[in-house]
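Student: In the working numbering, each residue's number is its place in the sequence shown (first place is 1) plus 616.
Could you have a look at this structure, given as structure tokens, before my questions?
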Amino acid sequence: MEAWNVRGRRHPQCVPRIHGIDDAAFKRLLTTQHQVITRRQALTCGMTDRMLHHRIRAGGPWQKLLPGVYLAVTGAVSREQREMAALLHAGPSSVITGVAAARRHGISVLSSATVDVLVPAKLRPQSTSFVRVWRTWRMPEQVCVSGEIRFVLAGRAIADTARSLTTPREVRALIAQAVQRQRCPIATLALELQQGPRNGSALFRAALTEVSDGIRSAPEGDLRALLQQAKLPTPIFNARLYDGHTLIAVTDAWWPDAGVAAEVDSQEYHYTASDWQHTIRRHDQLTAHGILLLHFTPRQLRSAPEEVTTQIRAALTAGRARPPLTITTRAWRGIGRDR
């Protein structure tokens, strides 16, 4: 709102003058930095402290995001604007990691308003508001760049995210998703585990072991943990089942001595509603080869574990009581999956 004096003229001292601003440089910064700008950048463009204070006043056209970092528009703050602000706060050597970086690589992990940034260990920017600063001697040699946003490669993003999570299921889902979506090979994650800090790596290490054994989703990991707890025989996870040289299907778990397969039927990880007919045909094809096929939902694994283990024990007993099936097996070692 502009101020006017009693004679109907604009009051010159109530509205900051802007003719001294390098308008081209100012607009270029705002455009490339998602409307985020630092105090130093604004002053370099010719803005004065008085002008800044006028813009970030209560009800003004700007808003303060972090100490010395402003958003030159009103309204909700976008994800890109938070990330840009975090990098400007942490300095030109900083790079985004953790959940924000994993999301940029297409890994849908738990939602987080925090933006993690790595900075060289000798620097001393402080964590504040939604920015969490990690000082490290292991700054990445290569980074990804999207405009002015810098973020770590997928392997580092996933490893740093895994160390920040607190439950086995969260870490399991993260690692399995990264490998399944071909964002990062297992070998890269293993190297990140070896070279990174040991603190906070226990769940990361366990999840990586599961994925190396063929686990490709959180529900499959839940099944593995349930089998271990019940002391049931360990199956081949994600085994390719062949009739001669013809691939029958890939099953979540396979006990070759009994001809028993188990599937964790999770729409999120395995199929959409449009694939239902394909799932039915696949079930019929497996049973036609004499395979005893069990289906469980992720909810069953968590809410009725005894029922699940009882069914598996009964199927193993029945399968071993008959002649063995002539089915050859190959464990899953790649990224894709034939269903």
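Think of the CB as a built atom: it goes at the ideal place given N, C-alpha and C, for glycine as much as any other residue.
Below 8 angstroms on the Cβ atoms is my contact criterion, and I expect Arg754 with Gln811 to pass it. Report the Cβ-Cβ distance as a whole number of Å.
Tutor: Between Gln811 and Arg754 the Cβ distance is about 7 angstroms, and since that is below 8 angstroms, they are a contact.
Student: Would you say the segment 767-777 touches the segment 717-735, given that touching needs at least three Cβ pairs under 8 angstroms?
Tutor: Judged by Cβ distances under 8 angstroms, the segment 767-777 makes contact with the segment 717-735, as three or more pairs qualify.
Student: Reducing DSSP to helix, strand and coil, say where Phe767 ends up.
Tutor: If DSSP states are grouped into helix, strand and coil, Phe767 belongs with the strands.
Student: What number of angstroms, rounded off, separates the C-alpha of Gln798 from the C-alpha of Arg832?
Tutor: If you take the alpha carbons of Gln798 and Arg832, they lie about 11 angstroms apart.
Student: Can you give me the Cβ contacts of Thr942 inside the same chain, cut-off strictly under 8 angstroms, excluding the 5 residues immediately before and after it?
Tutor: Cβ neighbours of Thr942 beyond the five flanking positions: Asp859.
Student: Does the distance from the C-beta atom of Val795 to that of Ala823 stay below 8 angstroms?
Tutor: Their beta carbons are not under 8 angstroms apart, which means Val795 does not touch Ala823 by this criterion.
Student: Once DSSP output is grouped into helix, strand and coil, what is the label at Thr660?
Tutor: Of the three classes helix, strand and coil, the one that applies to Thr660 here is helix, per DSSP.
Student: In chain order, which continuous runs of the alpha helix (DSSP H) of length 4 or greater are located wholly inside the segment 645-702?
Tutor: Correct list: 655-660 and 665-671.
Student: Bridge partners of Ile852, per DSSP?
Tutor: Per DSSP, Trp870.
Student: For Thr913, name the three-state secondary structure that DSSP assigns.
Tutor: In this structure, Thr913 counts as coil in the three-state DSSP scheme.
Student: Does the beta carbon of Pro741 sit closer than 8 angstroms to a beta carbon anywhere in chain D?
Tutor: Here there is only one protein chain, and chain D is not present.
Student: Mapping the DSSP letters down to three states, classify Arg720 as helix, strand or coil.
Tutor: If DSSP states are grouped into helix, strand and coil, Arg720 belongs with the helices.
Student: Is DSSP giving Pro736 helix, strand or coil here?
Tutor: Pro736: strand per DSSP, three-state reduction.
Student: Output the residue ranges of the alpha helix (DSSP H) runs that lie fully inside the segment 796-852 and measure 4 residues or longer, sorted by chain position.
Tutor: Counting only runs of 4 or more, we get 802-811, 818-828 and 834-845.
Student: For the alpha helix (DSSP H) containing Ile928, name the first residue and the last one.
Tutor: Per DSSP, Ile928 belongs to the alpha helix (DSSP H) from Pro921 to Arg936.
Student: Give the DSSP bridge partners of Thr725, in chain order.
Tutor: According to the sequence provided, residue 725 is Val. The question's Thr does not apply to it. DSSP, once it has assigned bridges, lists no residue as partnering Val725.
Student: Does Asp859 come out as helix, strand or coil in the three-state DSSP assignment?
Tutor: Here Asp859 sits in strand by DSSP.
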